[in-house]
Amino acid sequence: MFQDYDEFLESVGNVDFVPPEGNEQERVPLYERSNISKMESELLILNFAIRHNLTDVALEDLITLISCHLPYSVYHTKHIFMKNYDTPASIRKCYYCPECYVRLKTFATDDRAKENLVCRECQCRYDKHTLGKNGNYFLYLPLEQQLRDFVNSDKYNMLQRENDNYSDITSGKFYTSLKDSGIIQLHDITLQISSDGVQVFRSSSVSMWPIQVMVNELPYRERRKNMMLCGLWYGKEKPDMNLFLSLLVEELTFMHEVGITRNVPGKEEIHIRVHTIASPVDSVARPLLQNIKQYNGSFGCSFCLHEGIHIEVGRGMTRVYPGCVKEPRTLRQHEIDCETAVQTRTTPHGVKGPTVLMLLPVFDITSSFTPDYMHAVLLGVTKTFTDAWFNSSNHDKNWYMGNKVDLIDENLLQIKPPCEITRTPRSINERNLWKASEWKNFLLYYSLICLQNVMPLQYVRHWFLFIFSMHIFLQEKISDVDFLTAKSALKMFVFKIEDLYGLEYYKFNVHLLLHIPKFVKQFGALWATSTFPYEHYNGVLRKMFRNSQAVPEQICKLYMRSKRIEGSCLKVFSRPDCFENAKILYHKMSGMYHTKNYLDYESYFKIFGKPVQRMLTLMEQTCIEALLHENILNKCDCYKRFIFRNVLWHVENYEKLQRRQNSTVLLQNGMFIIISGIFGVHIVRTNYIRYVIIGKILNHVDMEICKTNNPILSSNRFFHITRMTDSIVAVFPDMLYAKCIKIPYNNVDKYCIVRLVNNIERD
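Numbering-wise (UniProt numbering), the sequence shown opens with residue 1 and increments by one.
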């Protein structure tokens, strides 16, 4: 164990990983006249092991098997093979006193006594073996070294510190105020941190609590792919956060004050400071991190001083939060409450005491936490009301629809979503199995259509207010006018709940809705601080162990191995002299493999599949010639799939898409079409090939799916009733604006078209 933090920093500073082979080093063949290099071979073997979840025993056998096929033994043992990739010295095992929950230190200097530890609070002595057996430890993975690797890689060049195109966290007031005050400087980076419990085994109460970190300046999809793990708690009990986060806070404080350096050969040295500004967590983890009462206790709101009230519901009691938000929590008031809590052993305003996160520079314990829309909006409010609608205990309510499930399912199950929505709709009766992404799709796209002519109109209008506000708060870019409109709609939704549903539905998640506008202003659109990326990576971590013994050690070991392999692969497989087949296999195993059979027309436009030659109809030829202002040959090449600006499209009659419809598009001019073909046509004058899209026109119908008394809150903003026509139009690919969902509406020739809320998030 390390005696102090300085020793710890010195230790992790000496385990810098230097790849055995990089861009500047000579490429060493695996054996004489081999096309593949030794490094390429090693990395492919390791990627294969990770891709197929091989145990270390299986990996050792694989290495031996490969050696049998080589002219001479290259890989003598697994230990030699792995020495450059496994770095156990960079994983710290932190033992703690099971009574006092403080980190333990050794109390003697001889080698045998190093296994003995003492608690500085109660002076009890322990041995590591017993503590390890009882699970009285957690693992810590130094964040500083991970950030050093990050800033010295090409990923650092992806950072976006100014982004006017998106309402991301870097355009929020919290970030911009720190930037304007000079705290965040030109080359600095900011972080968001999160921790949440993850059930490891279905038949056990054991859970793990990872500490995960994202770099805010990375584009959303890139920061989702570049998650960093820096701590892991494992056991049946929730972690003591002051204990668990102590090393992280020390490291983050050091990097804020001292910073780290980007040293890239041939480039100017850059000094970078690191600031922690946000923590998106759910309503169970948040009070643990803040060290306050949970939402079911008095003053259980993390953001305001609403005490809540206890009311009878059925045979029990529940706490609800009716009315407006109360006085906001402030840092100064929180500090006073912490002092009072320590001195009097009470919980003023629900505060149990100080938390180690209060020591973090820049981080505000009252305003750096954000309401998480995944849990509060989707798994919270959306699920609560939907369950209420179909729960037989509410059969006497005006809004009860449990006897209309078949009718709603009929509408729901005929919806064919585009490829961006990973799960097709499932029956209302299976809603207990729905994932958060399914609740999101039900709220934003499906529910308003399904409730039409089934639910009383006043309840549909009320639900639409919720849908309307979430559509705006999840947009890529939120204007000031849109923000105020969505804020007003959300307030109207919340304040009407008591009259329509009753006081008992003012649950805590409903109360959180009133806090959402403030945090959208502070940290950007809801997707910017969503916990979807963290939940996704929790699933990745759950796959990083092979058996039930030493689970946290297995996870951290494989995580560190994967990170080091990833860094080496980026260098080795980008070399111009890399063996091409090795590069192709690496891309395939890492999920970057694409079909070879495509036409790369422009950098942002790729056409897939083998073309089919056919004759154009007179109408098609007329439309295309009107678009090109050129005469074209009657014969064309017809395709069925293409990618434009990283969005995949299929023609309407693509045979392999049975449960999806990936061809409905909103054009730049506001017209809706269904793509029926992508054609390569020959211009008569030059014989040059031009690629155009043919689509069937959907005409707008003068209908409003949900009329409200306020013209600003119009459903036509997001839900468009259209009718299929026989007319077609020819367009260039750059006239495509947004992908949409086509939902059958009332009869066979009418459709409700809903634009995807943004092109940033992924299920």
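C-beta atoms are modelled at their ideal positions from N, C-alpha and C, and glycine is treated no differently.
Ordered along the chain, which non-local residues of its own chain (more than five positions away) have a Cβ less than 6 Å from that of Trp463?
Along the sequence shown, one-based indexing puts residue 463 at 463. So no residue of the chain qualifies.
Can you name the start and end residues of the beta strand (DSSP E) that Phe719 belongs to?
Mapped onto the sequence shown, residue 719 falls at position 719. Element bounds for Phe719: Phe719 to Val731.
With contact counted as at least three CB pairs below 8 Å, one residue from each stretch, are the segment 251-262 and the segment 502-513 in contact?
At 8 Å Cβ cutoff, the stretches do not touch.
Throw me the rounded Cβ distance for the Leu191 and Ile184 pair, which I believe falls under 8 Å.
Within the sequence shown, the letter at position 191 stands for residue 191. Within the sequence shown, the letter at position 184 stands for residue 184. Not really, about 12 Å apart at Cβ, beyond 8 Å.
By the three-class DSSP mapping on this structure, what secondary structure does Ser34 have?
Taking the sequence shown and counting its residues from 1, one reaches residue 34 at position 34. Ser34 falls in the coil class under three-state DSSP.
Could you spell out the range, first to last residue, of the beta strand (DSSP E) harbouring residue 764?
Only positions 1 to 763 of the chain appear in this structure, which leaves residue 764 out of reach.
Using three-state DSSP, classify Lys267 as helix, strand or coil.
Taking the first residue of the sequence shown as position 1, residue 267 is located at position 267. DSSP places Lys267 in coil when its eight states are reduced to three.
What do you reckon, are the CB atoms on Ser530 and Pro280 nearer than 9 Å?
Taking the sequence shown and counting its residues from 1, the one referred to as residue 530 is at position 530. Taking the sequence shown and counting its residues from 1, the one referred to as residue 280 is at position 280. Yes, the Cβ-Cβ distance between Ser530 and Pro280 is below 9 Å.
Given Ala489, which residues of its chain have a CB within under 7 Å of its CB, disregarding the five upstream and five downstream residues?
The sequence position of residue 489 within the sequence shown is 489, counting from 1. So the list reads Leu465, Phe468, Ser469 and Leu713, once near-sequence residues are dropped.
Can you check DSSP and say which residues form a bridge with Pro209?
Here residue 209 refers to the residue found at position 209 of the sequence shown. Per the sequence shown, the amino acid found at residue 209 is Trp instead of Pro. Per DSSP, Trp233.
Where does Ile80 land, buried or exposed, given buried means 16+ other C-beta within 10 angstroms?
Within the sequence shown, residue 80 is the residue found at index 80, counting from 1. Ile80 comes out exposed.
Taking DSSP as the reference, what is the three-state secondary structure of Met158?
Locating residue 158 in the sequence shown gives position 158, where the first residue counts as 1. Helix.
Three or more C-beta pairs under 8 Å: does that hold for the segment 438-454 against the segment 379-387?
With a cut-off of 8 Å, the segment 379-387 and the segment 438-454 count as touching, because enough Cβ pairs lie within range.
Since Arg723 contacts Leu698 with CB under 8 Å, what's their CB separation in whole angstroms?
Taking the sequence shown and counting its residues from 1, the one referred to as residue 723 is at position 723. Taking the sequence shown and counting its residues from 1, the one referred to as residue 698 is at position 698. At roughly 7 Å, the Cβ-Cβ gap stays under 8 Å, so Arg723 and Leu698 are in contact.
Where do the N-terminal and C-terminal ends of the alpha helix (DSSP H) with Ser469 fall, by residue?
Taking the sequence shown and counting its residues from 1, the one referred to as residue 469 is at position 469. Leu457 to Phe473 is the span of the alpha helix (DSSP H), which, as asked, contains Ser469.
Can you name the start and end residues of the beta strand (DSSP E) that Trp649 belongs to?
Numbered from its first residue, the sequence shown carries residue 649 at position 649. Counting along the chain, the beta strand (DSSP E) containing Trp649 begins and ends at Val647 to His650.
Taking Cβ positions, are Trp527 and Ile189 nearer each other than 9 Å?
Taking the first residue of the sequence shown as 1, we reach residue 527 at position 527. Taking the first residue of the sequence shown as 1, we reach residue 189 at position 189. No; because the gap between Cβ atoms is not below 9 Å, this pair is not in contact.
Express the C-alpha separation of Ser41 and Phe299 in angstroms, rounding to a whole number.
Within the sequence shown, residue 299 is the residue found at index 299, counting from 1. Within the sequence shown, residue 41 is the residue found at index 41, counting from 1. Answer to the nearest angstrom: the Cα atoms are 59 Å apart.
Cα separation between Tyr220 and Asn634?
Taking the first residue of the sequence shown as 1, we reach residue 220 at position 220. Taking the first residue of the sequence shown as 1, we reach residue 634 at position 634. Between Tyr220 and Asn634, the C-alpha separation is close to 45 Å.
Mapping DSSP to helix, strand and coil, what is Ala278?
Taking the sequence shown and counting its residues from 1, the one referred to as residue 278 is at position 278. If DSSP states are grouped into helix, strand and coil, Ala278 belongs with the strands.
Throw me the rounded Cβ distance for the Cys124 and Glu99 pair, which I believe falls under 8 Å.
Position 124 of the sequence shown, counted from the first residue, corresponds to residue 124. Position 99 of the sequence shown, counted from the first residue, corresponds to residue 99. Yes, they are in contact, since the Cβ atoms of Cys124 and Glu99 sit about 7 Å apart, within 8 Å.
Expressed to the nearest angstrom, what Euclidean distance is found between the alpha-carbon atoms of residue 852 and Trp434?
The displayed coordinates of the chain run from 1 to 763. Any statement about residue 852 would go beyond what the structure contains.
Exposed or buried, what is Met214 when buried is set at 16 or more other beta-carbons lying within 10 Å of its beta-carbon?
For this step, residue 214 is matched to residue 214 along the sequence shown. So Met214 counts as buried.
Have a look at the DSSP bridge pairing and note the partners of Lys635.
As a working mapping, residue 635 is identified with position 635 in the sequence shown. Note: Lys635 sits in a beta bridge opposite Met615.
Do Lys750 and Pro418 come within 9 Å of each other at the CB atom, strictly closer than that value?
As a position in the sequence shown, residue 418 is number 418, starting the count at 1. As a position in the sequence shown, residue 750 is number 750, starting the count at 1. No, these two residues do not count as a Cβ contact at 9 Å.
Run through DSSP, which three-state label would Ser298 get?
What you label residue 298 is simply residue 298 of the sequence shown in a count that begins at 1. In this structure, Ser298 counts as coil in the three-state DSSP scheme.
How about Asn136 and Tyr95: are their beta carbons less than 9 Å apart?
The sequence position of residue 136 within the sequence shown is 136, counting from 1. The sequence position of residue 95 within the sequence shown is 95, counting from 1. In this structure, Tyr95 lies closer than 9 Å to Asn136 by Cβ.
Can you give me the C-alpha to C-alpha distance between Ile472 and Glu26, rounded to a whole angstrom?
Locating residue 472 in the sequence shown gives position 472, counting from the first residue. Locating residue 26 in the sequence shown gives position 26, counting from the first residue. Spanning the two alpha carbons is a distance of roughly 54 Å.
What residue range does the alpha helix (DSSP H) around Val681 cover?
Position 681 of the sequence shown, counted from the first residue, corresponds to residue 681. Looking at the DSSP string, Val681 is not in any alpha helix (DSSP H); the run it does join, the beta strand (DSSP E), is Phe672 to Ile683.
Look up Leu46 in the DSSP assignment and say whether it is helix, strand or coil.
Sequence index remark: in the sequence shown, residue 46 carries index 46 (1-based). It is helical.
Could you please give me the residues that DSSP links to Met317 through a beta bridge?
To locate residue 317, count along the sequence shown from 1; it is residue 317. Looking at the DSSP assignment, Met317 forms a beta bridge with Glu312.
Check Thr384 in the structure and name its three-state DSSP category.
For the purposes of this step, residue 384 is identified with residue 384 of the sequence shown, where counting begins at 1. Here Thr384 sits in helix by DSSP.
Based on the DSSP secondary-structure assignment, which residues constitute the bridge partners of Gln199?
As a working note, residue 199 is residue 199 in the sequence shown. Ser207, per the DSSP bridge assignment.
Would you decide whether Ser181 is buried or exposed? Buried here means 16 or more other CB atoms lie within 10 Å of its CB.
Here residue 181 corresponds to residue number 181 of the sequence shown, with the count starting at 1. By the 10 Å Cβ count, Ser181 comes out exposed.
Which whole runs of the alpha helix (DSSP H) in the segment 472-546 are 4 residues long or more, in chain order?
As far as the segment 472-546 is concerned, its whole alpha helix (DSSP H) runs of at least 4 residues are 480-495, 497-500, 508-523 and 532-542.
Can you confirm whether Ile63, when its beta carbon is compared against all beta carbons of chain B, has any partner nearer than 9 Å?
Of the protein chains in this structure there is only one, and it is not chain B.
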